[in-house]
Amino acid sequence: MNFLNHEQTLWKDQVDRLMEREIGREYIRNCDINREYPYKGYEAIVKQDWLRLLIPEDHGGMGGTIFDYALLCEGLSKYGFDFATAFMVSTFTAMNIVKFGTDEQKEKYLEPFMRGEIRFSISISEPQAGSDAASTRTRAIADGENYILRGQKLWCSGAAAKNVVIAMLVRSDPAAKKREGLSVFLVPNDTPGLDIRRLPTMARRATGTTEIFVDDVKAERSQMLGTPGQGWPIITDHLELERIAVSAGYVGNAQQAVDDALRYAHERIQFEKQIFDFQVIRHMLADMQTKVDAARLLVYRAADMAVRGENYSREVSMAKLFASETLQEVTRCGMQIYGGHGMLPESDMERYFREGMQSTIGGGTSQIQRAIIAKSMRI
Ligand SMILES: Cc1cc2nc3c(=O)[nH]c(=O)nc-3n(C[C@H](O)[C@H](O)[C@H](O)COP(=O)(O)OP(=O)(O)OC[C@H]3O[C@@H](n4cnc5c(N)ncnc54)[C@H](O)[C@@H]3O)c2cc1C
Numbered sequence: 029m030n031f032l033n034h035e036q037t038l039w040k041d042q043v044d045r046l047m048e049r050e051i052g053r054e055y056i057r058n059c060d061i062n063r064e065y066p067y068k069g070y071e072a073i074v075k076q077d078w079l080r081l082l083i084p085e086d087h088g089g090m091g092g093t094i095f096d097y098a099l100l101c102e103g104l105s106k107y108g109f110d111f112a113t114a115f116m117v118s119t120f121t122a123m124n125i126v127k128f129g130t131d132e133q134k135e136k137y138l139e140p141f142m143r144g145e146i147r148f149s150i151s152i153s154e155p156q157a158g159s160d161a162a163s164t165r166t167r168a169i170a171d172g173e174n175y176i177l178r179g180q181k182l183w184c185s186g187a188a189a190k191n192v193v194i195a196m197l198v199r200s201d202p203a204a205k206k207r208e209g210l211s212v213f214l215v216p217n218d219t220p221g222l223d224i225r226r227l228p229t230m231a232r233r234a235t236g237t238t239e240i241f242v243d244d245v246k247a248e249r250s251q252m253l254g255t256p257g258q259g260w261p262i263i264t265d266h267l268e269l270e271r272i273a274v275s276a277g278y279v280g281n282a283q284q285a286v287d288d289a290l291r292y293a294h295e296r297i298q299f300e301k302q303i304f305d306f307q308v309i310r311h312m313l314a315d316m317q318t319k320v321d322a323a324r325l326l327v328y329r330a331a332d333m334a335v336r337g338e339n340y341s342r343e344v345s346m347a348k349l350f351a352s353e354t355l356q357e358v359t360r361c362g363m364q365i366y367g368g369h370g371m372l373p374e375s376d377m378e379r380y381f382r383e384g385m386q387s388t389i390g391g392g393t394s395q396i397q398r399a400i401i402a403k404s405m406r407i
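Just so we're aligned, residue 29 is where the sequence shown starts under the working numbering, counting upward by one.
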């Protein structure tokens, strides 16, 4: 299946070449086994200048489209969604700064981000604020011109890596309506008062996800992104870009799961036959590829709408829902095709399977995506 024009095909091939020649599946597997942030892989992306892709040209970027970006996310997720997450989480916040940042913030953060000197993480979730993300309790308390941040955040991916600036959602006005009293602050991860701990999660072992204790952290007014109370529109904007990126990533990872399972089905001999010769296995593979193709079409449709400037919130939720459930399903089938060998890290399938299990939770659960889609349906 290829709906891409010549330039897009060349772009996809270029990303693929980087994955094969400079990053590779063994590197990604080892980062997962050792729970190591993929600094070397991130650096390889920086060297290509691909952190500039989405940033507008007048800010030193390439001014690429969301479609180009989706193809990049698909390609980088090939050997594991977790690896691409390191790159993706950084770009969502960089784009928030492009849209909502002051000139001073753009000057301070965009060029160092594009050079790979700083990265970003997004910290929305809290112990009591999951799907109901706006029920944020972490406070920003006015202190003269500045603020004191106090509370606890949860699941902040990539926040324990080197040189990270965390975009943190906080409640700045407890008297305002739930979504109107929120703001976002840009907080470097070495700020005194932050205690960031990596969590021993089943998936996302390399990029890592964290809990953050926020103990009277001093934040200057200049660290606020946007205006007071603008937190929710910033987060909504953030999540839309996140959903297109992760959906493309799930497709990239799911395609690799199908390719690996197909190859294994040809290599594995039982009852003097390749297991591919058993119809039940062939049909499983046929269903797997069909679902991946369907997921890819949904992602490309949403990306295309984004490029055209159309409202794509319903379509991106469909892409997120279907691509994540596809990754989960094809990796579960992949595990079955691999038999016992799928349980070993060398198969990579168990890692893809773990990524699949987190894909229907992070970035808004499948239940929340269905709620968004249903809300958009009219008789
Ligand atoms: C590996 C990983 C990385 C993450 N990275 C980040 C990150 O970088 N930054 C960040 O801010 N957050 C991050 N998250 C958090 C993620 O966004 C939340 O886990 C997610 O939004 C769900 O929240 P929850 O886990 O608290 O589940 P809950 O909201 O408690 O949901 C529990 C169950 O109830 C269902 N449910 C809840 N509300 C409804 C409803 N209205 N209708 C129907 N069903 C409902 C859910 O679908 C789910 O099945 C990450 C999570 C994981 C697992």
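Even for Gly, the Cβ is constructed at its ideal location relative to N, Cα and C.
Since this is a predicted model, take the numbers as computed values, not measurements.
(1) With a threshold of 7 Å (Cβ to nearest heavy atom), would residue 105 be considered close to ligand 1?
(2) For residue 198, tell me which candidate among 226, 169 and 149 has the shortest Cα-Cα distance.
(3) What do you get for residue 402, buried or exposed, if any count of 16 or more other CB atoms within 10 angstroms of its CB means buried?
(4) Taking C-beta to C-beta, are residue 101 and residue 273 nearer than 8 Å?
(5) Any heavy atom of ligand 1 closer than 7 Å to the CB of residue 184?
(6) Can you list the alpha helix (DSSP H) stretches of 4 or more residues lying completely in the region 48-99, in chain order?
(7) Can you tell me where the beta strand (DSSP E) with residue 181 in it begins and where it stops?
(8) I'd like the span of the alpha helix (DSSP H) that includes residue 304, first residue to last.
(9) Is DSSP giving residue 120 helix, strand or coil here?
(10) What number of angstroms, rounded off, separates the C-alpha of residue 47 from the C-alpha of residue 56?
(11) My assumption, with CB atoms under 8 Å, is that residue 185 sits in contact with residue 232. Please give the rounded CB distance.
(12) Residues in its own chain within less than 6 Å of residue 63 by CB, not counting five upstream and five downstream?
(13) Go through its chain and collect everything with a Cβ distance to residue 194's Cβ below 7 Å, but skip five positions before and after it.
(14) Ends of the alpha helix (DSSP H) at residue 155?
(15) Below 8 Å, can you find three or more Cβ-Cβ pairs linking the region 118-131 to the region 284-295?
(16) Name the residue from 166, 77 and 365 whose alpha carbon lies nearest to the alpha carbon of residue 14.
(17) Let's see if you can read the secondary structure: which residues bound the beta strand (DSSP E) around residue 216?
(18) So is the beta-carbon of residue 3 under 7 Å away from any non-hydrogen atom of ligand 1?
(19) If you measure from the CB of residue 194, is any heavy atom of ligand 1 nearer than 7 Å?
(20) I'd like the ranges of any alpha helix (DSSP H) spanning at least 4 consecutive residues and lying wholly in the region 230-300.
(21) With residue 41 as the anchor, note down where its alpha helix (DSSP H) starts and where it stops.
Taking the structure as given:
(1) The residue given as residue 105 occupies position 77 in the sequence shown. Residue 105 Cβ: outside cutoff for every heavy atom of ligand 1.
(2) Residue mapping note: residue 198 aligns to position 170 of the sequence shown, counting from 1. Out of 226, 169 and 149, 169 has the C-alpha closest to the C-alpha of residue 198.
(3) The sequence position of residue 402 within the sequence shown is 374, counting from 1. Exposed, because fewer than 16 other Cβ atoms sit within 10 Å of the Cβ of residue 402.
(4) Reading the sequence shown from its first residue, position 73 is the one you call residue 101. Reading the sequence shown from its first residue, position 245 is the one you call residue 273. Taking 8 Å as the Cβ cut-off, residue 101 and residue 273 qualify as a contacting pair.
(5) Here residue 184 corresponds to residue number 156 of the sequence shown, with the count starting at 1. Yes; taking the cut-off as 7 Å, the Cβ of residue 184 has a heavy atom of ligand 1 nearer than that.
(6) 52-62 and 67-75
(7) What you label residue 181 is simply residue 153 of the sequence shown in a count that begins at 1. 174-182 is the extent of the beta strand (DSSP E) around residue 181.
(8) Stepping through the sequence shown from its first residue, residue 304 is reached at position 276. Here residue 304 belongs to no alpha helix (DSSP H), and DSSP marks it neither H nor E.
(9) Counting from one through the sequence shown, the residue named residue 120 turns up at place 92. Residue state, collapsed to three classes: helix.
(10) Translated into the one-based positions of the sequence shown, residue 47 becomes position 19. Translated into the one-based positions of the sequence shown, residue 56 becomes position 28. Each residue's Cα considered, the two are about 10 Å apart.
(11) Here residue 185 is taken as the residue at index 157 of the sequence shown, counted from 1. Here residue 232 is taken as the residue at index 204 of the sequence shown, counted from 1. Yes, they are in contact, since the Cβ atoms of residue 185 and residue 232 sit about 6 Å apart, within 8 Å.
(12) Start at 1 with the first residue of the sequence shown, and residue 63 comes out as number 35. Only 233 meet the Cβ criterion.
(13) Locating residue 194 in the sequence shown gives position 166, where the first residue counts as 1. Result list for residue 194: 149, 151, 184, 187, 215 and 217, in chain order.
(14) To locate residue 155, count along the sequence shown from 1; it is residue 127. Counting along the chain, residue 155 falls outside any alpha helix (DSSP H), and DSSP gives it neither H nor E.
(15) no
(16) One cannot answer for residue 14 here, as it falls past the ends of the chain, which runs 29 to 407.
(17) Numbered from 1 along the sequence shown, position 188 holds the residue referred to as residue 216. 210-216 is the extent of the beta strand (DSSP E) around residue 216.
(18) The structure shown does not extend to residue 3, since the chain is modelled only from 29 to 407, so the question has no answer here.
(19) Residue numbering aside, residue 194 sits at position 166 when the sequence shown is read from its first letter. Residue 194 Cβ: outside cutoff for every heavy atom of ligand 1.
(20) 259-295
(21) Indexing the sequence shown from 1 puts residue 41 at position 13. Start and end: 34-46.
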